[in-house]
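Residue numbers (this note's numbering), protein chains in the order written: chain A, 2 to 155; chain B, 2 to 155.
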DNA sequence: GGCGTATCATTTGTACACGAATGAATTTGG
DNA sequence: CCAAATTCATTCGTGTACAAATGATACGCC
């Protein structure tokens, strides 16, 4: 029988070494936490993925920007944001036009339809956050978000 | 100027409502934390992805199992684990054989080469965890892992 | 003013991730 | 004991993710 919590393994030599327990590695637990969040999101906001919603919400917040700039703001590289924008454009939620001064750039903006959708979904999005954090008390939530942010920002 | 920390927005009616700040939503920060971890992992263990390593490490821990069972243990659905196993098999790191009693099942096991690779990488994997958690003090780390686990498990 | 460097968007290739559908095999309940 | 429900693996389709390569454009600095 092994005790619960942190486990150790006694090696042949008699030394005790940290056992590698996958279930205890941050990376693994982060992935599972993400999975749970994704599933909560999908249950409440079925017609948009989190990256798509993030892009729309950010556009709503800052107004028109170039594709790459938007990507930076929502933490997606150029290739990823392109795919997201393409799919939003195909659904008529965003509009693209060339930048006036810089001919390399593509300016993305919310369409009327996109603006209405984001605004309708903002309250739902807040509930997704709430439901995700539901297992924690308010105090724990504050601590958790502080530490998670520290971790995310390195 | 907006004050740092939790922000509020004054709506036309004069009511104050929670503003939706993408950068404060758990889902978004979780995604960024994951990105940082992924990049640390890739820098140290370049020839295996985290899902691939997770599958190998779990196999090393529990021995041969069926594909789906392994998938459950590493939190991947049937379609996902299949792809991971296929790629590991193509590299000769795992072996597949039909289950003796249940003809639906496919038993996966570590090859000799796979076993050697996992064992060589286990210390590296621990360092990935350490480096990921480096922004936190030991005390914060303990708290964080406790809360993250609570969140991941719902 | 022009050349080297940087930036923007795009494309290609690989690897998760999951819902849904399928078919084969096993288990269960009446 | 056998029909219904379940499980296992596979496939298909869609949507991130990111590295690397490419071409067009803009910018820095001499």
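Idealized CB from N, CA, C, for every residue including glycine.
Within the same chain, and ignoring the five residues on either side of residue 74 (chain A) in sequence, the residues whose Cβ sits closer than 6 Å to its Cβ are 59.
A residue is called buried when at least 16 other Cβ atoms come within 10 angstroms of its Cβ; residue 38 (chain B) meets this threshold and is buried. 123, 126, 127, 129: these are the residues of the stretch 115-129 of chain A whose beta carbon lies less than 8 Å from some beta carbon of chain B, given in chain order.
Within chain A, no residue has its CB atom less than 7 Å from the CB of residue 95 (chain B), the nearest being about 16 Å off.
Here residue 66 (chain B) is bridged, per DSSP, to B:109.
Here residue 148 (chain A) is not near residue 152 (chain B), since their CB atoms are 8 Å or more apart. A Cβ-Cβ separation of about 10 Å leaves residue 78 (chain A) out of contact with residue 84 (chain A) under the 8 Å criterion. In the displayed model, residue 97 (chain A) falls within a strand according to three-state DSSP. When C-beta distances to chain B are compared with 9 Å, the residues of the stretch 68-100 of chain A below that value are 74, 75, 76, in chain order. The continuous alpha helix (DSSP H) containing residue 84 (chain B) extends over residues 79-91.
The residue from A:93, A:154, A:52 with its alpha-carbon nearest to that of residue 126 (chain A) is A:52. Membership of residue 148 (chain A) in the alpha helix (DSSP H) is indicated by the continuous run 139-154.
Using a CB distance cut-off of 8 Å, residue 133 (chain B) counts as an interface residue toward chain A. Under the Cβ distance rule, residue 23 (chain A) counts among the residues neighbouring chain B, one pair being separated by less than 8 Å.
When DSSP states are grouped into helix, strand and coil, residue 30 (chain B) belongs to the helix group. Here residue 81 (chain A) is exposed. Its C-beta has fewer than 16 other C-beta atoms within 10 Å. Here DSSP, grouped into helix, strand and coil, assigns residue 104 (chain A) to coil. Proximity to residue 100 (chain A) across A:93, A:109, A:92 peaks at A:109, based on C-alpha coordinates. Between the alpha carbons of residue 121 (chain B) and residue 45 (chain A) lies a distance of about 43 Å.
Residue contact check for residue 36 (chain B) against chain A: a CB pair falls below 8 Å. In this structure residue 29 (chain B) is in contact with residue 55 (chain A), their Cβ atoms being roughly 6 Å apart against a cut-off of 8 Å. With respect to chain A, the C-beta atom of residue 30 (chain B) has a partner C-beta closer than 8 Å.
Contact of residue 144 (chain B) with chain A is assigned, a C-beta pair being separated by under 8 Å.
The beta carbon of residue 134 (chain B) sits closer than 6 Å to those of 142, all from its chain and outside the five residues before and after it, given in chain order.
Within chain B, no residue has its beta carbon less than 8 Å from that of residue 63 (chain A); the closest one is some 10 Å off. For residue 49 (chain A), the closest Cβ of chain B is not nearer than 8 Å. Under the 8 Å criterion on CB atoms, residue 139 (chain A) is classed as non-interfacial with respect to chain B.
Under the Cβ criterion of 8 Å, residue 150 (chain B) is counted among the residues facing chain A.
If you draw a straight line from the Cα of residue 146 (chain B) to the Cα of residue 123 (chain B), it comes to about 20 Å.
With a contact defined as Cβ atoms closer than 8 Å, residue 130 (chain A) and residue 27 (chain B) qualify at about 5 Å.
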